[in-house]
Each structure stands twice: as structure tokens, then as C-alpha cells.
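Colleague:
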Amino acid sequence: MSVMLLVLAQPAAAHPQCLDFEPPFKPLWHLEFCAQYEEFGCCDQKTDNVIAERYWDIIDQLEVAGDELCADTLKEIMCQECSPYAAHLYDAEDPYTPVRELPGLCFGYCSEFYGKCRHVVKYLTESQLLRDTSERDVSTFCSVVDLSDRDYCYPNVLKSPDLNSNLGQVVEDPRGCLQLCLTEVANNLRNPVLMLHSDDDTHRMFIAEQVGFVWVYLPDGSRLEQPFLDMSGEVLTTPWLGDERGFLGMAFHPKYRDNGRFFIYYSIQVNSKLEKIRISEMKVSAYDMNTADPYSERVILEIEEPAANHNGGQLLFGVDGYLYIFTGDGGKAGDPFGKYGNAQNKSALLGKSSAH
Numbered sequence: 001m002s003v004m005l006l007v008l009a010q011p012a013a014a015h016p017q018c019l020d021f022e023p024p025f026k027p028l029w030h031l032e033f034c035a036q037y038e039e040f041g042c043c044d045q046k047t048d049n050v051i052a053e054r055y056w057d058i059i060d061q062l063e064v065a066g067d068e069l070c071a072d073t074l075k076e077i078m079c080q081e082c083s084p085y086a087a088h089l090y091d092a093e094d095p096y097t098p099v100r101e102l103p104g105l106c107f108g109y110c111s112e113f114y115g116k117c118r119h120v121v122k123y124l125t126e127s128q129l130l131r132d133t134s135e136r137d138v139s140t141f142c143s144v145v146d147l148s149d150r151d152y153c154y155p156n157v158l159k160s161p162d163l164n165s166n167l168g169q170v171v172e173d174p175r176g177c178l179q180l181c182l183t184e185v186a187n188n189l190r191n192p193v194l195m196l197h198s199d200d201d202t203h204r205m206f207i208a209e210q211v212g213f214v215w216v217y218l219p220d221g222s223r224l225e226q227p228f229l230d231m232s233g234e235v236l237t238t239p240w241l242g243d244e245r246g247f248l249g250m251a252f253h254p255k256y257r258d259n260g261r262f263f264i265y266y267s268i269q270v271n272s273k274l275e276k277i278r279i280s281e282m283k284v285s286a287y288d289m290n291t292a293d294p295y296s297e298r299v300i301l302e303i304e305e306p307a308a309n310h311n312g313g314q315l316l317f318g319v320d321g322y323l324y325i326f327t328g329d330g331g332k333a334g335d336p337f338g339k340y341g342n343a344q345n346k347s348a349l350l351g352k353s354s355a356h
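Take 1 as the starting number for the sequence shown in the UniProt record's numbering and just add one per residue.
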């Protein structure tokens, strides 16, 4: 994976993501089947053809069985794999649950689907749960295919102004300059999560990988052979591309040039069960400015994480000299914990920005 320097003139409010956890894109070639997503989505021509072949195979089976074809509805549902919000529609962000075989359907749409087309479920999925509930009643079936975050269920996801305003658009300014400009500065990295400098006049860049390595890049663009920091033995993460845990944050002290102090934020697991995020202070080696002292770690804060996603991870120093810690809300869709959720609960440290 590469690291890019970018300038973005207009922030994005939504969170589009594909089932492979890559960003949506504009395919090079026309999509013949799921043409709705040929301007911006998650399918190239090859994937579009695969979906089309499966669709026509199901249509053939329905014709042989003498069943209602439900052609338009069937196509709508199958093409959601190409939606720029496919990862949300198929609830793919939770590492502990399998990706859905059907997209999340809003209750009104699901009710209509159930009334007219529930017989197609057995052709769409191998899931025995979905097949069984499709034979029971509308409430049971639609509760199974429902999404807890109603903004992302189909077809609501198509109607939300927040999710669809300027989606996928890169606009030129009057001088013909694009709003997004990229320059590659590093590559062949394992999910890089941050890039920063130490403000010590060495002009080095520090790039951290989610697995727990921090690498030093010199002003000429070369990378040192040995990592500045190796926390891979402590960091909790998995090879799964959508895992939101890992080495998540780092900040150098404003006086790093004099005191060699820096701070890190990462996920841990205690006793092979309890998951936490940990914020620690460390120091650079007294003998090598390109290596951290592995024995210098001083734990400042640990917070229990109730779920595997929304772990946060940003560390920043303010102009007031305080270290600001930004924590995630603890995960799951819609922050469902307690009466108010973690972010709105003033007694919880999750979903907060705190100064130290």
C-alpha cells in the first residue's frame, strides 16, 4: 500500500466503502448490467458481468419453476454489491460476523419484496436462516435483513442528501486545478495509518503501519532498514483488511528535539479476552536518534473497548502544550451502549476528546 500527500479542498461527510474495504471508483468501462453505478461505485466490468451471469441464471430457474420473475427487484438487490456503500449495506465492518449474503433492506421496501418476491430468496442465498425466515412471516424476515443504521439500508441510502451530495465528484477550479492532488512518498506498506514529522529540523518522516511498525523516511525518500519502533508483539490486530484495531496514533512532544518524548495509541488484548486501547509515553534511544527505546514505555491510560470497531486513535498536541486524545465511541452501529451511548455519556471516556 502506498502513502500519498494530498490536498483536499472540500471535506467529505459520508463514508463510502466497498466490500473489499477499498474506496469506490469510476470504472474504466461501461457497466452493462448495474449501470446505475458506472459513474461511481464498487464494480468494474468483470464484476458487473459476473453479477449479470448470476442474475440470468436465477431468471432461468424461475422460468423453469413457473414462478413470478421479479426481474426488476431482483436486479436492484443483486446490484447493491456495486453500491459505493456496499460495506455498510452488507454490514461488512464487524470482524466477528460474516458479511451478509443479502444487503440490508429498509422495512418498507422489505415488506414489498416479501409480499411479491420472497420466493426468490432461495435462489439468492445459501443461508438457511434467510431461507427459513422467508417462509415464515414478513416481520421475522425483515428483522433479519434489517440494518441497525437506517441511513444505510436500501433504498434509503440512495435518498440521503448527506450520503449522496457530490459523491465521487472531483471538481476543477477556474484555473483547471483539481481539488485533490496526490504525490506518492512511500509504498509497499501494510495498511499505513499515519505519517508525521518530529519537528526537530532533521526533516525525517515517520510512517506507522497498523500492525505496529513505525518507519523512518529520510529527506531523500529512502527508508531506513530498521524500524524506529516495533510494537507488533503488543498490538492487537488481524490480517483482515477491515480490522479497525491496531497501532492507531502517535504524537511527538513539542520539545521532542530536547526531551526525546513521544506518545503512542494502540489496541491490546488482556488475558486473551478483554480488549482495550492503550496510550503510552516513550522515549527515543539515547544512542540512536532513529530508534525508540523499547524499555521506556510508560502507560498513561487504558480504556476497555466493548467492540472491535470505532477504536479512535488520534493524538495531537495543542498550541497550549496539552496532549489531546481522541477516542472512538466503542463500536457497533449507532453507539448502542447504555441509555445515551458512550459518546453522549459524560461518565465514559469513549467517544471523547480529552486533554492531558
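Just so it is clear, CB atoms sit at the ideal spot from N, CA and C, and this is done for glycine as well.
1) Can you check whether the CB of tyrosine 265 is closer than 8 Å to the CB of glycine 242?
2) Quick check on the DSSP output: the beta strand (DSSP E) that includes proline 336 runs from which residue to which?
3) Hey, out of Leu74, Phe40, Thr125, Arg278, whose CA is closest to tyrosine 85's CA?
4) If you run the structure through DSSP and keep just helix, strand and coil, what is alanine 35?
5) Return the CA-CA distance between aspartate 48 and lysine 26, expressed in angstroms with no decimal places.
6) For the stretch 159-167 against the stretch 102-118, are there 3 or more C-beta pairs whose distance is under 8 Å?
7) Quick one: using the 10 Å Cβ neighbour count with 16 as the cut-off for buried, is tryptophan 215 buried or exposed?
8) Over the uninterrupted beta strand (DSSP E) stretch that includes glutamate 275, give me the two end residues.
9) Helix or strand or just coil, what does DSSP make of glutamate 22?
10) Specify the secondary structure class of valine 299 as computed by DSSP and reduced to three states.
11) Below 8 Å, how does it come out for the stretch 256-264 and the stretch 188-196: are there three or more Cβ pairs, yes or no?
12) Measure how close the beta-carbons of glutamine 80 and tyrosine 154 come, nearest whole angstrom, since I'm counting them as under 8 Å.
13) Under three-state DSSP, which class holds methionine 250?
14) Within 10 Å of its beta-carbon, does glutamine 61 have 16 or more other beta-carbons around it, so buried, or fewer, so exposed?
15) Could you check how far apart the C-beta atoms of threonine 237 and serine 280 are, in whole angstroms? I think they sit under 8 Å.
16) Does DSSP classify proline 161 as helix, strand or coil?
17) Going by beta carbon distance, what residues of the same chain come within less than 8 Å of alanine 269, once the five residues before and after it are set aside?
18) State whether the stretch 300-307 contacts the stretch 318-334, with contact taken as three or more CB pairs (one from each stretch) at a distance under 8 Å.
Modeller: Well, looking at it:
1) Not a contact, by the Cβ cut-off of 8 Å.
2) Unbroken run through proline 336: none, as it is neither H nor E.
3) For tyrosine 85, the nearest C-alpha among the options comes from Phe40.
4) Note: alanine 35 maps to helix in three-state DSSP.
5) Those two C-alpha atoms are separated by around 13 Å.
6) No, they do not touch.
7) Under this definition tryptophan 215 is a buried residue.
8) Where glutamate 275 is concerned, the enclosing beta strand (DSSP E) stretches over 274-283.
9) Of the three classes helix, strand and coil, the one that applies to glutamate 22 here is coil, per DSSP.
10) Looking at valine 299 - three-state DSSP - the assignment turns out to be strand.
11) No, the stretch 256-264 does not touch the stretch 188-196.
12) With 8 Å as the limit, glutamine 80 and tyrosine 154 qualify as a contact, their Cβ atoms being about 6 Å apart.
13) Strand at methionine 250.
14) In this structure glutamine 61 is exposed. Its beta-carbon is surrounded by fewer than 16 other beta-carbon atoms within 10 angstroms.
15) That pair is no contact at about 17 Å.
16) It is helical.
17) Before going on, a small fix: residue 269 reads as glutamine here, not alanine. Taken in chain order, the residues that qualify are Leu236, Glu275, Lys276.
18) The stretch 300-307 vs the stretch 318-334: in contact.
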